[in-house]
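I have placed the structure first, in the form of structure tokens, so that the comments after it can refer back to it.
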Amino acid sequence: MRIFTLLSATALISLTACIDEFGQCVRNSSKDLQVVNELITQSQTTLSRGYGFETLIATEIEEVVCLTALGEQATCLVEVGTTYQTPVAVDLDAERRKLAQLVDQRKVLEIRLAESTKACRAAYPPEA
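The opening position of the sequence shown corresponds to residue 4 in this note's numbering, with each subsequent residue numbered one higher.
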């Protein structure tokens, strides 16, 4: 029984390795499409909201307790950044053009992903 369990575990690990290689190949090929999809979602949200957001970073100096080279406690100044977003006006016509370009690019990337998936399947065929 123990030998059967060991063989089953080995087969499962081998199968998982094939799935992982194929899955990793497809994942690597789909990164651009994922980015474009995220940008499309952001653009659609901006258009429906009517304005955008700008990310800003405010930095402050804080005093913290730290150790010197001799191991003694001292007060150190540390720069700390805080990220926040502020609403900004957006050229909605330009945003619509950008969205249209992203949708066109998504079509190209979907075709490219289909071709890449075929190549991944050829490189890492499923075991029968």
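Idealized CB from N, CA, C, for every residue including glycine.
All figures in this text were calculated on a predicted structure; none of them were measured in a lab.
Rounded C-beta distance between Ser46 and Leu105? I'm assuming under 8 Å. To locate residue 46, count along the sequence shown from 1; it is residue 43. To locate residue 105, count along the sequence shown from 1; it is residue 102. Ser46 to Leu105, Cβ: 6 Å. Contact.
Under the three-state DSSP convention, the category Gly26 falls into: Position 23 of the sequence shown, counting from 1, holds the residue named residue 26. Helix at Gly26.
Taking all protein chains shown into account, decide if Ile16 is buried (16 or more other Cβ within 10 angstroms of its Cβ) or exposed. Locating residue 16 in the sequence shown gives position 13, counting from the first residue. Only weak support exists for where Ile16 lies, its pLDDT of 47 falling under 50; the value from the coordinates is given anyway. The residue in question, Ile16, is exposed, as its Cβ has fewer than 16 Cβ neighbours within 10 Å.
Assign Glu65 to one of three DSSP states: helix, strand, or coil. Here residue 65 corresponds to residue number 62 of the sequence shown, with the count starting at 1. Look at Glu65 here: in three-state DSSP terms it is strand.
Does the count of Cβ pairs from the stretch 35-54 and the stretch 108-118 closer than 8 Å reach three? Enough Cβ pairs lie closer than 8 Å, so yes.
Would you say Leu105 lies against chain B (beta-carbon separation less than 8 Å)? Included in the structure is just one protein chain, with no chain B present.
Using the DSSP secondary-structure output, state which residues sit across from Val83 in a beta bridge. As a position in the sequence shown, residue 83 is number 80, starting the count at 1. According to DSSP, which records beta bridges pairwise, Val83 is partnered with Glu63.
Can the beta-carbon of Glu82 be found closer than 8 Å to that of Thr58? The sequence position of residue 82 within the sequence shown is 79, counting from 1. The sequence position of residue 58 within the sequence shown is 55, counting from 1. No, the Cβ-Cβ distance between Glu82 and Thr58 is not below 8 Å.
Would you mind sorting Val39 into buried or exposed? The rule is 16 or more other CB atoms within 10 Å of its CB. The count along the sequence shown starts at 1 and reaches residue 39 at position 36. That one is buried.
In or out: Gly74 buried (at least 16 other Cβ within 10 Å) or exposed? Looking up residue 74 in the sequence shown gives position 71. Classification of Gly74: exposed, given that the 10 Å Cβ count is below 16.
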